[in-house]
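*Asks:*
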Amino acid sequence: MTQKICRIIPVLPFVPVLLGTVWLSGGARASGSDHTPRPVPGDTIVAVREAILPAGRKAFPRELMGHGKNASTYRMIAFGGSLTAGFQNGGLFREGQQWAYPHLIARQIGVPFAQPLFSKAGGNGTGYFVSPPPTLPAARKKVTNNLAVSDTDGSLESYTGTGLNNFAVPFFSKRMDQSSHLRADALPFMSRIKTGDPNRNPLSQREWISSLDTRSDLFIFEAGFDDLVHSIQNDGGGISRIAFEALDLTDEMKMIGDLVRTGKKGLLLNVPDVLSLPYFQQYRDKIKNYPVRLLVKRSTSIEPVDFDPEADLLLPCETAEKIIARKLTGTILLKDTEVISRDPYDNEFLVADPATFNRFKIERAARLYNLAVADLHKIYRQVLEGSYTTHDGVKIDPSWPSGNFFSIDGIYPTALGQAVIANECIRALNLHYGLSVPLIATKDIKK
């Protein structure tokens, strides 16, 4: 059988998944990073599944009936990244999309909410992991059947629906210009949603957004999560550096302002402490058990310094994998980009902390435009502390991969995790706008 070389579908480089490499039926690799774990022979065939969702609300809330609105005319929309799109287990696929928290919220409100679902034939989407990480990450298995990936050019299956409410796409960036480091990666996902010339792809996230119908009665906006995860994995950067231009002129603030002008109510989500997520913490304790001496070549020093496991964080990388596999021994020189350091002259933990972004962008926009805020930073902290229990008595377990909140990728939530986030969003909306939207029953949701 002739193998067709596919254009790269960009991998979410911060999770160990093969979205950036199209694996063809014969096992040939089209493209991708050498750091990407490879499927093993016999990779799993998984039937496309439909989400078994909790029963939604049938009665439209009385308090939303003003201005002649009813369930069929009330319009809710969402913008965001991987979290809002329903990314889980290292991929974007139909069942995960159906569990996306905005969809769950819309069901509780009792309003229609069209999503750019992959078709049933291509319902496994980009592919996703079906097994937790073993000792060797390269041995992880990934779904490779019923993908929504063209075997001619590697493009993603287009969305052919007539309406759309969830505009979230993986790699959605708080920066929306043509130079954004995430723009090109988001392009295949944005290009699934054709709003103009079907033969022309948008040049930037900003151009794509400008072509969409953003009129709404309620909008949800989430940005910064994907940016922060990407920057930590690639350059140790963050999202909290305040730009020299006026805050109102930054891309995310301008977009929130535009959504307010075309919408009546809004909900913003802030960004959790990404460094505390299981994916980034997976080598913290493991590395202490290996007889190696680690040196770090920091940007602020000429000579390498000893890695301090109590103060420094070894990021997931090829070097870490080789140490765990005992392929590297003795003295090992780590790159500055492989370590998050507490160097007193360049404390990368402070740079990676989203607190400044949350305070000066999200909270400020909420005050300026009178919007509700879902505090993901607080929610994730409670989950990771093991102190979160749902309103109907489900204990949320943050352990990974055996717990019930984090999916196999160690960053994005399970179905139950999405329901937890949806309920916290509903709480924020109810409190801010005086609504009475019921919470989602979580006790029957499997992770």
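Per the numbering used here, the very first residue in the sequence shown carries number 2; after that it's consecutive.
From the three backbone atoms N, C-alpha and C, an ideal C-beta is built for every residue, glycine too.
(1) May I ask you to verify whether the stretch 52-67 touches the stretch 142-154, counting CB pairs closer than 8 Å and requiring at least 3?
(2) Quick check: what's the CA-CA separation for Pro399 versus Leu432?
(3) Near Lys298, what residues of its chain come up, given a Cβ to Cβ distance below 8 Å and the 5 sequence neighbours on each side ignored?
(4) If you scan the stretch 341-413 from start to end, which runs of the alpha helix (DSSP H) of 4 or more residues do you find wholly inside it?
(5) Does DSSP classify Gly124 as helix, strand or coil?
(6) Ignore the nearest five residues each way along the sequence and tell me which others in Ile427's own chain have a CB closer than 7 Å to its CB.
(7) Classify Gln116 as helix, strand or coil using the three-state DSSP reduction.
(8) When you compare the stretch 65-82 with the stretch 219-228, are there three or more beta-carbon pairs, one atom per stretch, that lie closer than 8 Å?
(9) In this structure, what does DSSP give as the bridge partners for Arg294?
(10) Look at Val421 and Phe407 and say whether their C-beta atoms are less than 9 Å apart.
(11) With burial defined as no fewer than 16 other Cβ atoms inside 10 Å of the residue's Cβ, what is the status of Asn371: buried or exposed?
(12) Given this structure, state the Cα-to-Cα distance separating Leu65 from Asp218, to the nearest angstrom.
(13) Taking three-plus beta-carbon pairs below 8 Å as touching, is the stretch 115-131 in contact with the stretch 88-100?
(14) Just how far apart, CA to CA, sit Gly69 and Phe119?
(15) Under DSSP, the beta strand (DSSP E) around Lys59 begins and ends at which residues?
(16) So, at 6 Å on beta carbons, what are the nonlocal neighbours of Tyr389 in its own chain, with the 5 sequence-adjacent residues on each side left out?
(17) Using CA coordinates, which residue listed in Ile257, Ala442, Arg95, Pro355 is at the minimum distance from Ala423?
(18) Kindly identify the DSSP beta-bridge partner or partners of Val438.
(19) Quick check: what's the CA-CA separation for Phe114 versus Leu269?
(20) Let me know the secondary structure DSSP gives Glu223 once reduced to three states.
(21) Can the beta-carbon of Ile341 be found closer than 9 Å to that of Ala356?
(22) State the start and end residues of the unbroken alpha helix (DSSP H) segment that holds Phe281.
(23) Are the CB atoms of Gln283 and Leu276 nearer to each other than 9 Å?
(24) Roughly how many angstroms separate the alpha carbons of Thr74 and Leu213, rounded to a whole number?
(25) Specify the secondary structure class of Met66 as computed by DSSP and reduced to three states.
(26) Skipping 5 residues on each side, what residues in its chain have a beta carbon closer than 6 Å to that of Gln419?
*Replies:* Let me lay it out:
(1) Verdict: no, contact absent.
(2) Taking the first residue of the sequence shown as 1, we reach residue 399 at position 398. Taking the first residue of the sequence shown as 1, we reach residue 432 at position 431. Roughly 27 Å between the two C-alpha positions.
(3) Translated into positions along the sequence shown, residue 298 becomes position 297. Here Lys298 has Pro305, Leu334, Leu335, Lys336, Asp337 as same chain residues with Cβ atoms under 8 Å from its own Cβ, once five neighbours each way along the sequence are excluded.
(4) Entirely contained in the stretch 341-413, the alpha helix (DSSP H) runs reaching 4 residues are, in chain order, 349-353, 365-370, 377-386.
(5) For the purposes of this step, residue 124 is taken as residue 123 along the sequence shown, with counting starting at 1. Three-state DSSP puts Gly124 in coil, outside helix and strand.
(6) Residue mapping note: residue 427 aligns to position 426 of the sequence shown, counting from 1. In chain order, Ile106, Gln109, Val438, Leu440 place their CB closer than 7 Å to the CB of Ile427, counting only its own chain and leaving out the 5 sequence neighbours on each side.
(7) On the sequence shown, residue 116 is found 115 positions in, with the first residue counted as 1. Three-state result, Gln116: coil.
(8) Short answer: they touch.
(9) By 1-based counting over the sequence shown, the position of residue 294 is 293. Looking at the DSSP output, Arg294 shares a beta bridge with Thr332.
(10) The residue you call residue 421 lines up with position 420 of the sequence shown. The residue you call residue 407 lines up with position 406 of the sequence shown. The answer is no: Cβ separation not under 9 Å.
(11) Working through the sequence shown from its first residue, we reach residue 371 at position 370. By the 10 Å Cβ count, Asn371 comes out exposed.
(12) The residue you call residue 65 lines up with position 64 of the sequence shown. The residue you call residue 218 lines up with position 217 of the sequence shown. Cα-Cα distance, rounded: 9 Å.
(13) Yes, they touch.
(14) The sequence position of residue 69 within the sequence shown is 68, counting from 1. The sequence position of residue 119 within the sequence shown is 118, counting from 1. Going from the Cα of Gly69 to the Cα of Phe119 covers about 34 Å.
(15) Mapped onto the sequence shown, residue 59 falls at position 58. No beta strand (DSSP E) contains Lys59, which DSSP labels as neither H nor E.
(16) As a position in the sequence shown, residue 389 is number 388, starting the count at 1. Close CB contacts of Tyr389 within its chain, under the 6 Å cut and outside five residues either way in sequence, are with Gln383, Ile397 (chain order).
(17) Indexing the sequence shown from 1 puts residue 423 at position 422. For Ala423, the closest C-alpha among the options Ile257, Ala442, Arg95, Pro355 is that of Ala442.
(18) Along the sequence shown, read from residue 1 onward, the residue named residue 438 stands at position 437. Secondary-structure assignment with DSSP links Val438 through no beta bridge to anything.
(19) Here the question's residue 114 lines up with position 113 in the sequence shown. Here the question's residue 269 lines up with position 268 in the sequence shown. So the alpha carbons of these two residues sit roughly 18 Å apart.
(20) Position 222 of the sequence shown holds residue 223. Residue state, collapsed to three classes: strand.
(21) The sequence position of residue 341 within the sequence shown is 340, counting from 1. The sequence position of residue 356 within the sequence shown is 355, counting from 1. Result no, Cβ atoms of Ile341 and Ala356 do not sit closer than 9 Å.
(22) Within the sequence shown, numbered from 1, the residue matching residue 281 stands at position 280. 279-282 is the span of the alpha helix (DSSP H), which, as asked, contains Phe281.
(23) The residue given as residue 283 occupies position 282 in the sequence shown. The residue given as residue 276 occupies position 275 in the sequence shown. No, these two residues do not count as a Cβ contact at 9 Å.
(24) Position 73 of the sequence shown, counted from the start, is the residue given in the question as residue 74. Position 212 of the sequence shown, counted from the start, is the residue given in the question as residue 213. If I take the Cα positions, the gap works out to 18 Å.
(25) In the sequence shown, the residue the question calls residue 66 occupies position 65. Looking at Met66 - three-state DSSP - the assignment turns out to be coil, as it is neither helix nor strand.
(26) Reading the sequence shown from its first residue, position 418 is the one you call residue 419. Taking Gln419 as the centre and dropping the five residues before and after it, the same chain places the C-beta of Trp100, Tyr102 closer than 6 Å to its C-beta, in chain order.
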